[in-house]
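J.:
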Amino acid sequence: MTGPELVLGIETSCDDTAAAVVRGGTEVLSQVKHSQGQHATYGGVVPELAARLHAEMLPRVVDRALAEAGVTWGEIDAVAVTQGPGLQPCLLVGTTYGSVMAQLKGIPLVPVHHIHGHIASVRLNQRGDWPLPALCLTVAGGHTQLHLVRRWLDVVRLGQSRDDALGEVYDKTAKYLGLGYPGGPIISQLADQGDGGRFALPRPYLGKGSLEFSFSGLKAAVKRHCEQAEVIDDAFRRDMAASFQRTVEAVLIKKLGWALAAHPAVRSMFFAGGVSANRQLRALLGGWAAERGLELGVPSEIALSTDNAAMIAASGWLWAVERGLARAPRHVEPKGRWEMGEWLGGNS
Ligand code: KG4
Ligand code: ZN
Numbered sequence: 045m046t047g048p049e050l051v052l053g054i055e056t057s058c059d060d061t062a063a064a065v066v067r068g069g070t071e072v073l074s075q076v077k078h079s080q081g082q083h084a085t086y087g088g089v090v091p092e093l094a095a096r097l098h099a100e101m102l103p104r105v106v107d108r109a110l111a112e113a114g115v116t117w118g119e120i121d122a123v124a125v126t127q128g129p130g131l132q133p134c135l136l137v138g139t140t141y142g143s144v145m146a147q148l149k150g151i152p153l154v155p156v157h158h159i160h161g162h163i164a165s166v167r168l169n170q171r172g173d174w175p176l177p178a179l180c181l182t183v184a185g186g187h188t189q190l191h192l193v194r195r196w197l198d199v200v201r202l203g204q205s206r207d208d209a210l211g212e213v214y215d216k217t218a219k220y221l222g223l224g225y226p227g228g229p230i231i232s233q234l235a236d237q238g239d240g241g242r243f244a245l246p247r248p249y250l251g252k253g254s255l256e257f258s259f260s261g262l263k264a265a266v267k268r269h270c271e272q273a274e275v276i277d278d279a280f281r282r283d284m285a286a287s288f289q290r291t292v293e294a295v296l297i298k299k300l301g302w303a304l305a306a307h308p309a310v311r312s313m314f315f316a317g318g319v320s321a322n323r324q325l326r327a328l329l330g331g332w333a334a335e336r337g338l339e340l341g342v343p344s345e346i347a348l349s350t351d352n353a354a355m356i357a358a359s360g361w362l363w364a365v366e367r368g369l370a371r372a373p374r375h376v377e378p379k380g381r382w383e384m385g386e387w388l389g390g391n392s
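So, in structure tokens, the structure goes:
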């Protein structure tokens, strides 16, 4: 596949301001991320505040990404920017900045679907390509989705969470246990030391063969156990973390089994999004895939699992190839810019 050599990726969909330079769609030359700590006092991300901070930080984050990659604006062949889903005011900062810079430099602007970025993240820093079709489980603080990747740009959603995203439930579990944020890494670490059989937690399968997810009942059950506990001590925390982790593993593995049965031509299993940093889940999915003769594709480092701009560049590169946007500076027609449609679905 030939496409633009150097793509600058921009990601501002939530509270991280990120930019990255990626060569040939896969080789990460730099990735810079500024995480906004200012929202902690409000107990959640405030969109207007986040947007103002993006506007302030983005030019600097981009300059640093270029400097760390050792390239200048003049060498960038295309700009890829997250178009959605995400917080509207935040997305607008990234798309406006990306659009203006692409216009000024006379290079293409490629809008990217955030979830497709997560899917494309498994290609980053990998030699060779994954065999397709693939199942891709994308699990983060804001999304839990299962896709069938027929080709890199031919992706069908098989299921998603009807309520809470799994990452959010990791975060809430940690919160109910009086632990810090983000909860995922903390729960993962504690789970190794606890008794996963101590608490019986609901396993939401939603009927045989269903590829939809629902985690609100699991979240409520953890909350109830914590509220009813006489004392939440370290043993309680460890055992709850282990019980929670065991439940999550059972649900995900069951769903993947059903997905594979429905799509037996699948040759690879991808695992992306912030929760794909989970060591136990990676090991479990690795074993599961190996037993079935599937390749396991996971982001090559944790910084590529959580929200980042390199994955946006990776997705943008694939779209640029598809649209024939080679190195020659050429602008995408306005119609082509925003036509990505609903094929990957909404926010959850
Ligand atoms: O992709 P991401 O950075 O942001 C969203 O798009 O939401 O994912 C963040 C989520 C958080 O909920 C965090 O708790 C979870 O990823 N996470 C983990 C681990 N590391 C981060 N969950 C489970 N195990 C981990 N090791
Ligand atoms: Zn994400």
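Counting from 45, one number per residue, gives the positions in the sequence shown under my numbering. Using N, Cα and C, we set each Cβ at its ideal position, and we do this for glycine too. A quick note: this is a predicted structure, and the numbers were derived from the prediction, not measured.
1. Helix, strand or coil: which one does DSSP assign to Ser344?
2. Taking the alpha-carbon of Asn322 as reference, which of Pro229, Pro155, Leu304 has the nearest alpha-carbon?
3. Shortest alpha-carbon distance to Leu369 belongs to which of Val76, Thr56, Gly68, Thr61?
4. Can you grab the Cα-Cα spacing for the pair Arg201 / His307, in whole Å?
5. How about Val66 and Ala354: are their beta carbons less than 7 Å apart?
6. Spell out a yes or no on whether the region 196-210 and the region 341-358 are touching, meaning 3 or more CB-CB pairs, one atom from each, closer than 8 Å.
7. Pull up the distance between the alpha-carbon of Ser254 and that of Ser205, whole angstroms please.
8. Would you list, in sequence order, the uninterrupted alpha helix (DSSP H) runs of no fewer than 4 residues that lie entirely inside the region 291-349?
9. Below 7 Å between beta carbons: does that hold for Trp174 and Glu339?
10. With a threshold of 16 other CB atoms inside 10 Å of the CB of Val105, please say whether the residue is buried or exposed.
11. Counting pairs of Cβ atoms below 8 Å between the region 271-280 and the region 299-306, do you hit three or more?
12. Return the CA-CA distance between His98 and Thr56, expressed in angstroms with no decimal places.
13. Gln237 by DSSP, collapsed to three states: which one?
14. Are the CB atoms of Ala94 and Asp59 within a distance shorter than 7 Å?
15. Can you check which of these residues, Glu49, Trp302, Phe315, Gly222, is closest to Gly251 by C-alpha distance?
16. Considering only DSSP beta bridges, list what Leu179 is partnered with.
17. Can you list, in chain order, the residues of its chain with a C-beta nearer than 8 Å to that of Arg242? Leave out the 5 residues immediately preceding and following it.
18. Verify whether the separation of the beta carbon atoms of Leu348 and Leu221 is less than 7 Å.
19. Would you check whether the ligand KG4 has a heavy atom nearer than 6 Å to the C-beta of Val319?
20. Compute the minimum distance between the beta carbon of Asn169 and the heavy atoms of the ligand KG4, and state whether it is under 6 Å.
21. On the CB-based measure, 16 or more other CB atoms within 10 Å of its CB, does Thr126 come out buried or exposed?
22. Note down, in chain order, each residue of its chain lying with its Cβ closer than 6 Å to the Cβ of Ala218, except the 5 sequence neighbours on either side.
23. Going by Cα to Cα distance, which pick from Thr350, Ser344, Gly224, Met313 is closest to Glu335?
24. Report yes if the C-beta of Asp215 is less than 6 Å from at least one heavy atom of the ligand ZN; otherwise report no.
25. For Trp361, I'd like the list of residues in its chain whose CB is within less than 6 Å of its CB, leaving aside the five on either flank, ordered along the chain.
26. Are the beta-carbon atoms of Thr182 and Gly317 separated by less than 7 Å?
27. Cβ of Asp239 versus every heavy atom of the ligand ZN: is any distance shorter than 6 Å?
28. Would Ser320 pass as a contact of Val342 if the rule is Cβ separation under 7 Å?
29. Exposed or buried, Gln272, counting other C-beta atoms within 10 Å across all chains shown (16 or more means buried)?
30. Just to be sure I understand the criterion: a residue counts if its Cβ is closer than 5 Å to at least one heavy atom of the ligand MN. Which residues meet that?
T.: A quick look at the data gives this:
1. coil
2. Pro229
3. Gly68
4. 13 Å
5. yes
6. no
7. 11 Å
8. 323-335, 346-349
9. yes
10. buried
11. no
12. 7 Å
13. coil
14. yes
15. Trp302
16. Leu192, Met313
17. Asp283, Met284, Ala286, Ser287
18. no
19. yes
20. no
21. buried
22. Gly227, Ile230, Ile231
23. Met313
24. no
25. Gly47, Val51, Gly69
26. yes
27. no
28. yes
29. exposed
30. The model depicted lacks the ligand MN and carries the ligand KG4 and the ligand ZN instead.
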